[in-house]
Every structure is written in structure tokens, then in C-alpha cells.
Amino acid sequence: MGIQYLTKIYRPLGDFSNYTSLAGADVFIDGPSLAHRICRDLQFYDMGDTALATQGARRVIQAMLDGGLNIRYIVFDGALPLDKEDTRIERTKQSIDKLSEQPEGLIIASFAADMFREMLDEYYPAIPVITVPYEADFAIAGMIKTYTEEAENKDKMVYVMSSDSDFYVYEMGTNVGCICLSKSEDLALGQQIFVTQHRKLREMIQRPLWEAGYLVETTPINSRKKLNFFSLRNKVMVNKAQRESYEKFKDTFTLKEFTWTSIAAFVNDTRTTLVNDRIPSCKFTRLHEFLNRHYDNIKKEKHNIGIPKAEVYLPTLVEDVTRPSVWIIGSKWRSLTYEMLIEKLEIKESSVPVTNSLIIEYYRVRRGVGATYIPIQDHSRQEGREEIDNPEHYRFITQGELKGWIKSYHNDEGLVMTVKAIVDEIVTYNLDTQPLSETQCNKLTTYLTSILNENSEAVVYSDSDSDSSMMSTKAKRLRDVDWNIASLHLFAQTQAALYSLCFLQQAGVELPHGQKIKITTVSDSIKFSKYFLQKQCKVNR
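According to this note's numbering, the stretch in the sequence shown is residues 2 to 542, in order.
In C-alpha cells:
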């Protein structure tokens, strides 16, 4: 995730250039970093419009190709190591706090990397794209180091495009530079590109990059503001207590654990990369990464409610929670999913009774941010609702039923039952509009099945593994598992189906089944178009 202030320290050593001047150089791109840069640059009234984000990403990639750059690989990350979870959570909290004042595209950030990858698959299939089961920076740095060590590449310039300052610390070779992620408009025009050369950095600081990085990393935050590149020449003092962390830092950034002898060997090693058809759906799971393996938020109490709750910090899910179709349809399902996640992760052992817990979800309301509380183990899922005309038809699924469906997932029986339950719930909530016909229900069922029927495979990590030392177990297909992380992906995909229907409707997208779930006025809704179903749906502009 980078070392704070390091980029500012090195900035005086960089120069503005253009793609034409870099023609012939090889480039490795940090996919999530570029995707988020593009999304952050969208204007407030354009945020959430994935069509514009896709267009911006295409312009950047095309400008690089037109300028003569050779894009060798675009790398995406698959999961955070455990020791980075707290950092991500803290940054998310800060983003939420700043949302009302600085709405910098947070609305789309959760989907930025997925949007970018889908754009590459559709428009630039010849560009190699890989996903690794951990953070992308380690893989990119190792690939560049291996690439520059090959005899035919020793005289080539190689660049990494990223905003991650860790790339100023990795020892990747002599002919390596960084293309910094400035405004995406500048990246698309290719005329004002800020570039730093590792050779120049080493000459100015007169020491290995990793050692200078360690000096900054171990300097208190308030004192880092006073550092400059001359300060990095100071001798690094390491006492006995710091020796272990010093050696670990050195091993990480000298890429000691990257033992592959070629890029091909790394890319083709199924233990270290995830090919496209094995990536679990992240339309929903990325939104819940803060719940996974994180226990601290469970212990807080809401002062005006007076009961314990579990907090989940979600990036923005909807534009306006007052649009009932979005939240009402999915709330019970989300409650069930949270309940099962908490049970799976044994968060209930943190002294907070799960039966009295709440999930707090953050969402965007125009220029502000709000929160809604969802109780877990909500008995209304089993009791139904009296105000519904046909209460016997309206019944939420129980946890036991869904578990049973997971266990019987072979031969797609569980999938069929899950889809049927979703359709039944949508039909039930559709009472104030024209009922769905049998044909429309069948089309909706087909549509949901196409979303859920991903033969995803999951990578499971040991709790004792972290960072680049993470080792994955053998991936399993959903239909072959009972109750592990892969099962959670099925719940995630179920939620994604509900969310996608509602988001598309709010974005003014014509749904495949030809019937809106619930009538809403969406003329002023920020367009959430194209992300979920670019090929199946048509945007009504």
C-alpha cells in the first residue's frame, strides 16, 4: 500500500515526459491502481457512470499503444494479506468521513478494478492480464526484476505504471522507471507524464532503494514531512529489537521470495496466479472484505440504541437509500448473509451475542453519507409479513434452507432453488405494479441463473500466512465444497444478482425481463450503467 511521504520525497528527482519519448519501452501496469485513478477523476455528476470510466480507461490504454509503448502485463490483485487489513479498514473509514466534503468517486471504487478488467477483455484481448492471490505490487516487481535480468532485455527500459510508492523501494533492476499516475486526462493525452528513473534515484541517495525505504518507514509520520532525498543518505540505525523487522523488510523489497526464473514460469504457476475462469465473483465479496477475518468492529456499541452491534464498512452501494426497490428487496438476504458470515468466522465468540447484533451499512445520499442498521438473526424471515395479501406465498428463506441448498449444489439443484427464491421475493415485492407474467418470470430466472452460474473456484489462505508468503490450497469448484470460503461466494453471487437488478433499474437500464421491479423516478439518478451486464442490457439515455 506504499510508504507515506516517500513519493513526495522523490518527486524533485522526476521529470515530465510524453509517451512518444518513451516509445519502445516495456510497461507493466498496476491494474487496480490505474482503475482507481481513473474513477477518482470522474466529476461528481459523472460518478458511478461506468460507461465514462470505461471510456477513460480505453483512452489511457490506447494512448500508450499509439505512443509506441509495449504493454507487457497488467496485473490485478486478488486479496489483501492479513497484516494489511487494518490499513485498508482505516483508509476506508477516512474515505467515508470525507465523503460529504470530497466525493472523489468512492461510489465506484469497489467496482473500479472489475470494470477495468472487463474493458480489457472486451477491447484489448491481446494484452496479457493476470490476477494474483495477493497484492499486485509484489508480483509486478518480481516480474520486472526477472524480465530485466534476461539477456535480451538488459538494455531495454522497463516502466511500472502505478501510484503505489512501494515501487520506489523494490530492487527491480537498473533500467527501471515509474510512470506516476497523475490526472487520468494527462495519461490519456500522453503529453504530461511524470516519470522517475530508478538509476537516478540511486545515484542521488547513494544507497539501495530498499534501505532508503526502510529509513522512511521507520521515521515517525510527523517527522517524515521534514525529509528530503538528501536525508535518505543518513545511516540506518538498527538495534537488536528492530533486527527482525529490518531483515523482513529487506527480504521483501529485494524480492528474495520471488524465485521464478522467468515471467512465463511465474504466470503459468497455478499456485501463484488466478486465471480468468477461476476468479470468484467479486461483485459482492469485495464489498465485504472488511468483515472477513476482522473482529474489532464487533465490540463497539451504539450509544442511542444501547445494544452491541457488528459494524461492516461497505463502500457505497446505492445513490439514494430512499429508493425503496434497492434496499428493501435485498435487506433480508443481506441480513442472512451477514449472519452466516459471522457464524462462519466465529465472530460471536468476541463476547457480543450475535442474536442482538446489528450490521451497519454505509451508503451515499446525494452529497452526504448515511447509515442503515440491519439486525441479524431476524425472525421475520421465517414469520412472513401480515400486510402481504398472500402471506403463505411470502416467506423468507431460513439459514438452514440455504445451507441445505449449498450442500445439494451438485446437479445445479441448489442453484435452481436459490434463483426461484429470488424470483419469488421480487414478484412478491412487486405488488404495487403490474404482476410479472410467467414468460417474464422465466426470462428473469434465466437472467439470474446466468449471473449465478459461475464455476468459480476459491483460494483459501491459512491464518498463519501473510503477505507474499501466502500459499493457496488447491482450488475447488463450488459444486464440490460444503462450507468454506467458496460457499460464501455463492451467497455473494446471490446478493450480486439482487443488487445488479436494482442498480440497473436505477441507472435507467432496460432489464432483460422487460419489467421494472418497482416503479421509481430515476431522472436525477447518477447512472450506474453497464457494469453488471454490458452485453445483456441496453442503456436508455
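Glycine included, each C-beta is placed from N, C-alpha and C at the ideal position.
The bridge partners DSSP lists for residue 207 come to none. In this chain, the beta strand (DSSP E) harbouring residue 30 covers 27 to 31.
With fewer than 16 other Cβ atoms inside 10 Å of its own Cβ, residue 237 counts as exposed. Check the Cα spacing between residue 261 and each of 22, 140 and 23: the tightest is with 140. Per the coordinates, the alpha-carbon of residue 64 lies some 10 Å from the alpha-carbon of residue 19. Closest in C-alpha terms to residue 133, from the list 226, 127 and 142, comes 142.
Counting C-beta pairs with one atom in each stretch, the stretch 155 to 162 and the stretch 2 to 17 have fewer than three that are closer than 8 Å, which means they do not touch. The three-state reading of DSSP puts residue 74 in strand, counting E and B together. Note that the C-beta distance between residue 76 and residue 35 is not below 8 Å. In this structure, residue 23 keeps its C-beta atom at 8 Å or more from the C-beta atom of residue 66. The three-state reading of DSSP puts residue 166 in helix, counting H, G and I together.
Residue 39 counts as buried, since no fewer than 16 other beta carbons sit within 10 angstroms of its beta carbon. Scanning its chain for C-beta atoms nearer than 7 Å, with the 5 sequence neighbours on each side dropped, one finds around residue 59 the residues 120 and 124, in chain order. Contact check for residue 204 and residue 255: beta-carbon distance about 19 Å, past the 8 Å limit, so the pair fails to qualify.
Bridge partners of residue 178 according to DSSP: 160 and 198. Taking residue 136 as reference, the option from 209, 234 and 168 with the minimal CA-CA separation is 168. Closest option to residue 14, judged by alpha-carbon separation, among 252, 231 and 251: 231.
In the same chain as residue 68, and ignoring 5 residues on each side of it, the C-beta atoms closer than 8 Å to its own belong to 19, 20, 21, 23, 24 and 191, in chain order.
Leaving aside the five residues that flank residue 200 on each side, the residues in its chain whose CB is nearer than 6 Å to its CB run, in chain order, 175.
As DSSP reads the structure, residue 18 sits in a beta bridge with 194. In the three-state scheme derived from DSSP, where H, G and I count as helix and E and B as strand, residue 4 is classed as coil. DSSP, reduced to helix, strand and coil, places residue 217 within a helical segment of the structure shown. Here the alpha carbons of residue 243 and residue 117 stand approximately 40 Å from one another. When secondary structure is reduced to three states using DSSP, residue 24 falls in the coil class, being assigned neither helix nor strand. Non-local beta-carbon contacts of residue 264 in its own chain, meaning distances under 7 Å to residues more than five positions away in sequence, involve 144, 147 and 148 in chain order.
Cβ-Cβ distances below 7 Å link residue 234 to 206, 207 and 208 in the same chain, with the five nearest sequence neighbours on each side left out; the list follows chain order. Assigned with DSSP and collapsed to three states, residue 124 falls in helix. For residue 186 and residue 180, the gap between their C-alpha atoms comes out near 14 Å.
Residue burial annotation: residue 194 is buried, with at least 16 other C-beta atoms found within 10 angstroms of its C-beta. Distance from the CA of residue 216 to the CA of residue 182, rounded to the nearest whole angstrom, comes to 24 Å. Secondary structure at residue 65: helix, using DSSP grouped into helix, strand and coil.
For residue 9, the three-state secondary structure derived from DSSP is helix.
Between residue 268 and residue 128, the beta carbon gap of about 13 Å keeps them out of contact (Cβ cut-off 8 Å). Non-local beta-carbon contacts of residue 16 in its own chain, meaning distances under 7 Å to residues more than five positions away in sequence, involve 196 in chain order. Following the DSSP letters along the chain, one finds residue 242 in no alpha helix (DSSP H), marked with neither H nor E. Its Cα nearest to that of residue 31, the residue 73 stands out among 42, 41 and 73.
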